[in-house]
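Have a look at the structure below, then the notes.
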Amino acid sequence: MKSLNTMVSLRYTAYKATVAVLSLLGPVNAPALEWRNGDWQVHGFLSQGFTYTDHNQVFGTSEDGSLDFREMGLNGSVKLLPNLLISAQGLYRDAGASDDMGTRLDFAQVDYSSPLLDSTLVLGVRGGRVKVPFGLYNDTRDVLSTRPSVLLPQSIYFDTLALRQAMISADGGVMYSRYTYGEHRFGLELMTAEPRDGTGGATVFLTGIPGAQGELGGRPMFIGRAAYEWMGGRGRLMFSIVDLDRDFRSASTVAPSGNIKVQYPLFSAQYNAEHWSLTGEYGWIDSQRKGFMPVTLKNTSENFYLQGEYRFTQAISGVLRYDVFHVDRNDRDGKSLSRMTGLPRHQFYARDLTTGVRWEFAHNFLLAADYHYINGTAWLNTTDNPDLLSGVGDSDWNLFTTMLSFRF
Amino acid sequence: MRRPSDFCFAHFVVMAGLASGSWQVFFRVQRILLLSVIVLLPGTPLQAGDLKLRLIDSSGGQAQHLSSETVREIFFMRLSSWPDGSSIHVFVLPDNHPLHIRFAKEFLGVYPFQLRSAWDRLVYSGTGVAPTTVESVEDMVKRVESTPGGVGYAGE
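So, in structure tokens, the structure goes:
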């Protein structure tokens with residue numbers, strides 16, 4: 001009851017803040033920030049979220065209602081030549097214990113492309129700190145207006161786990177090509193980059209050693225994404241893959257050094273009609289950890305969701321999704337992993353039934369809310385939920401999250 | 001030009017009917033499909049009294065000779081230079097402007113939300129720029145004509 005009161009009062013505060021912000025910005029239809037006929041552009045976004053859970057914590061102390069979910073970005077792009085683009089984005093993000101990195105450089109890149117064959121073929125290169133091309137939503141996942149719901153399907157786009165940082169952007173280069181033939185469009189992106197796995201707790205996550213001291217090194221990661229689009233995106237098919245092979249050099253005498261290999265293939269499909277979209281993604285994470293234990297640890301997960309969106313009006317849409325994560329696809333109910341580790345079975349799966357709404361209530365303003373019924377705790381962050389390490393935690397729980405966003 | 005149609009998906013229903021071996025369902029679906037063709041066809045607006053859409057550009061017509069897929073790539077902001085190597089500057093009306101909706105559907109064969117989401121993905125990943133939004137058709141004509149490499153659309 002106490003948490004409900006807090007929630008109501010927090011929501012009232014959020015509502016008052018919203019009204020205040022809105023009355024300031026009011027009906028002003030701010031022009032886009034661009035110069036030289038759009039060759040110089042500045043864009044940004046500002047989002048504040050609220051999370052409430054009845055059990056387990058997501059993005060801070062959500063059992064009491066948490067406002068610890070904030071995403072802000074500011075970017076600039078300059079077209080120096082018709083086919084030469086320079087762009088950079090600074091990002092501030094706060095998501096409880098899942099993200100405490102604060103301000104960071106999200107991307108800073110140079111992009112050169114060249115149209116060939118009567119402009120049906122475009123070849124290009126991009127270098128610097130570049131966004132990781134992966135699946136349907138990874139490239140711009142910190143921007144609410146590009147997400148179907150407040151929280152992305154967590155089976156594929158981990159936001160609470162420390163693997164997130166390594167998936168956002170990396171330092172390296174991308175070669176890409178696009179080819180158009182009638183109603184068919186083909187795209188290919190190949191990336192090689194130094195993963196940012198020394199940040200955001202990714203080292204601990206990848207090695208599986210709590211409080212791991214040391215450094216990850218070795219060869220850069222390879223990422224590929226192939227896409228097919230039919231009728232300007234009415235139908236979309238995609239295949240993405242991440243290939244990671246890292247050596248861990250332990251800095252402590254207690255923890256051993258070792259090697260981690262990860263392969264993450266992902267298949268994506270989407271159909272867009274005028275009023276509805278149907279989306280699905282299916283993938284698995286193949287991992288192999290050597291040297292940390294007397295035996296080599298191998299595991300293959302299973303990650304997928306199916307999602308339907310309906311646009312009631314141009315401003316209001318709804319989403320319904322079923323999202324599934326199995327830590328081991330040969331042990332979907334977590335029985336043998338539970339026996340091996342002594343932890344409850346629900347820590348090895350998470351099935352999330354989500355329904356949500358999005359309302360673009362004014363130009364460039366978006367309010368989104370989703371409700372999740374979740375069975376399983378596999379993707380919860382253990383810093384926000386230390387009880388999970390000692391085998392405590394609720395297997396069935398509800399999550400409500402809402403976010404207000406402004407972008408330009 | 002192309003008009004978005006979900007009609008082809010109706011075949012799945014027919015196939016599902018066939019697969020389940022229920023001929024009754026098949027014939028019923030078939031009848032509904034035929035009926036809807038008859039009912040829908042005369043209703044398809046031919047816009048006799050409506051404005052005719054056309055592409056406009058600063059050079060006075062080079063865009064007219066482009067293939068429809070090239071025009072689509074230009075408005076999706078995935079092509080940044082004209083065949084002569086000069087810069088393309090794209091102008092659009094607001095997402096909810098009736099002429100923009102018609103242009104997206106009839107000229108590009110897509111829905112406005114698809115354009116918006118593609119532009120957002122470019123802008124917030126730094127891999128492209130957004131088109132310049134103008135508030136009215138008059139502004140559109142003025143801006144396109146006065147901007148080297150400008151391209152947009154108008155009704156006549």
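Sequence order for the protein chains is A and B. In terms of my numbering, the first sequence opens at residue 1 and continues consecutively. In terms of my numbering, the second sequence opens at residue 1 and continues consecutively. Note that the Cβ used here is the ideal one computed from N, Cα and C, for glycine as well.
Given this structure, state the Cα-to-Cα distance separating residue i from residue j, to the nearest angstrom.
i, j, result
"Val151(B)", "Pro94(B)", "15 angstroms"
"Phe406(A)", "Ala368(A)", "12 angstroms"
"Glu135(B)", "Leu99(B)", "11 angstroms"
"Gly391(A)", "Gly334(A)", "14 angstroms"
"Glu194(A)", "Leu206(A)", "15 angstroms"
"Thr127(B)", "Leu91(A)", "16 angstroms"
"Phe400(A)", "Glu274(A)", "28 angstroms"
"Phe7(B)", "Gly308(A)", "Caution is warranted here: a pLDDT of 39 is assigned to Phe7(B), below 50, making its placement in the model unreliable, and the coordinate value is therefore given only provisionally. Cα-Cα distance, rounded: 19 angstroms."
"Gly393(A)", "Asn385(A)", "8 angstroms"
"Leu337(A)", "Thr300(A)", "12 angstroms"
"Val39(B)", "Phe158(A)", "With a pLDDT of only 40 at Val39(B), under 50, the local geometry of the prediction cannot be trusted, and the value read off the model is given with reservation. So the alpha carbons of these two residues sit roughly 48 angstroms apart."
"Glu360(A)", "Gly44(A)", "17 angstroms"
"Ala130(B)", "Phe113(B)", "14 angstroms"
"Ser117(B)", "Leu244(A)", "30 angstroms"
"Gly65(A)", "Thr51(A)", "6 angstroms"
"Gly21(B)", "Gln270(A)", "Residue confidence for Gly21(B) is low, a pLDDT of 48 falling below 50, so the modelled location carries little weight; the figure read from the coordinates is stated next. Distance between the alpha carbons of Gly21(B) and Gln270(A): 29 angstroms."
"Phe107(B)", "Tyr153(B)", "10 angstroms"
"Ser268(A)", "Leu188(A)", "14 angstroms"
"Arg72(B)", "Pro83(B)", "15 angstroms"
"Arg3(B)", "Trp276(A)", "Low confidence applies here, because Arg3(B) scores a pLDDT of 43, under 50, leaving its location unreliable and the question unanswered by this model."
"Thr279(A)", "Gly233(A)", "12 angstroms"
"Pro27(A)", "Leu366(A)", "Per-residue confidence for Pro27(A) stands at a pLDDT of 41, beneath the threshold of 50, marking its modelled position as unreliable; no derived number is given."
"Gly182(A)", "Leu353(A)", "39 angstroms"
"Leu25(A)", "Val58(A)", "At Leu25(A) the pLDDT is 49, less than 50, meaning the model places this residue with poor confidence; the figure from the coordinates comes in the next sentence. In a straight line, the C-alpha of Leu25(A) is about 31 angstroms away from that of Val58(A)."
"Ile56(B)", "Ser395(A)", "60 angstroms"
"Met340(A)", "Asp370(A)", "35 angstroms"
"Val137(B)", "Val144(B)", "10 angstroms"
"Asp286(A)", "Ala108(A)", "30 angstroms"
Write down the C-beta distance between residue i and residue j rounded to the nearest angstrom, noting that I regard them as a contact closer than 8 angstroms.
i, j, result
"Asp142(A)", "Asn398(A)", "Asp142(A) to Asn398(A), Cβ: 25 angstroms. No contact."
"Gly73(A)", "Gln48(A)", "The Cβ separation is near 13 angstroms, so there is no contact."
"Glu34(A)", "Gly135(A)", "Actually they are not in contact, since the Cβ atoms of Glu34(A) and Gly135(A) sit about 30 angstroms apart, beyond 8 angstroms."
"Val110(A)", "Gly124(A)", "With 8 angstroms as the limit, Val110(A) and Gly124(A) do not qualify as a contact, their Cβ atoms being about 11 angstroms apart."
"Arg246(A)", "Ile223(A)", "Wrong, their Cβ atoms sit about 14 angstroms apart, outside the cutoff."
"His272(A)", "Tyr111(B)", "For clarity, residue 272(A) is Asn in the given sequence; the question names His instead. Yes, they are in contact, since the Cβ atoms of Asn272(A) and Tyr111(B) sit about 7 angstroms apart, within 8 angstroms."
"Asp323(A)", "Pro153(A)", "4 angstroms"
"Asp197(A)", "Ala226(A)", "25 angstroms between Cβ atoms; not a contact."
"Leu115(B)", "Phe75(B)", "7 angstroms"
"Gly318(A)", "Asn303(A)", "With a Cβ gap of about 24 angstroms, Gly318(A) and Asn303(A) do not count as contacting."
"Arg93(A)", "Arg70(A)", "7 angstroms"
Looking at the strands, I want to know which residues DSSP matches up with residue i.
i, result
"Leu66(B)", "Paired residue(s): none; Leu66(B) is not in a bridge."
"Gly217(A)", "Asp247(A)"
"Glu71(A)", "Ser47(A) and Arg93(A)"
"Trp359(A)", "Ile316(A) and Leu367(A)"
"Asp120(B)", "DSSP, once it has assigned bridges, lists no residue as partnering Asp120(B)."
"Asp111(A)", "Leu85(A) and Arg126(A)"
"Lys131(A)", "Ser169(A)"
"Lys261(A)", "Asp245(A) and Gln288(A)"
"His410(A)", "Shown here, chain A extends from 1 to 408; a query on residue 410(A) therefore has no answer."
"Val174(A)", "Arg126(A) and Met191(A)"
"Gln347(A)", "Answer is none; Gln347(A) lacks a bridge partner."
"Gly235(A)", "Trp230(A) and Tyr271(A)"
"Leu116(A)", "Leu121(A)"
"Tyr153(B)", "Leu55(B)"
Taking the CB atoms as reference points, tell me whether residue i and residue j lie closer together than 9 angstroms.
i, j, result
"Thr192(A)", "Gly173(A)", "yes"
"Val242(A)", "Val130(A)", "no"
"Gly76(A)", "Leu67(A)", "no"
"Ala350(A)", "Leu306(A)", "no"
"Arg164(A)", "Trp230(A)", "no"
"Asn37(A)", "Thr132(B)", "yes"
"Pro115(A)", "Ser81(B)", "yes"
"Gly356(A)", "Arg321(A)", "yes"
"Ser177(A)", "Phe325(A)", "no"
"Thr147(B)", "Thr180(A)", "no"
"Gly214(A)", "Thr199(A)", "no"
"Ser125(B)", "Lys79(A)", "no"
"Leu161(A)", "Ser98(A)", "yes"
"Gln347(A)", "Val327(A)", "yes"
"Arg126(A)", "Tyr137(A)", "no"
"Gly149(B)", "His89(B)", "yes"
"Gly155(B)", "Leu53(B)", "yes"
"Leu208(A)", "Leu297(A)", "The question names Leu, but residue 208(A) is Gly in the sequence shown. Yes. Within cutoff."
"Thr402(A)", "Val42(A)", "no"
(message) As an exercise, report each continuous beta strand (DSSP E) stretch of at least 3 residues that is fully enclosed by the segment 275-333 of chain A, in chain order.
(response) 276-283, 286-290, 297-300, 302-311 and 316-326
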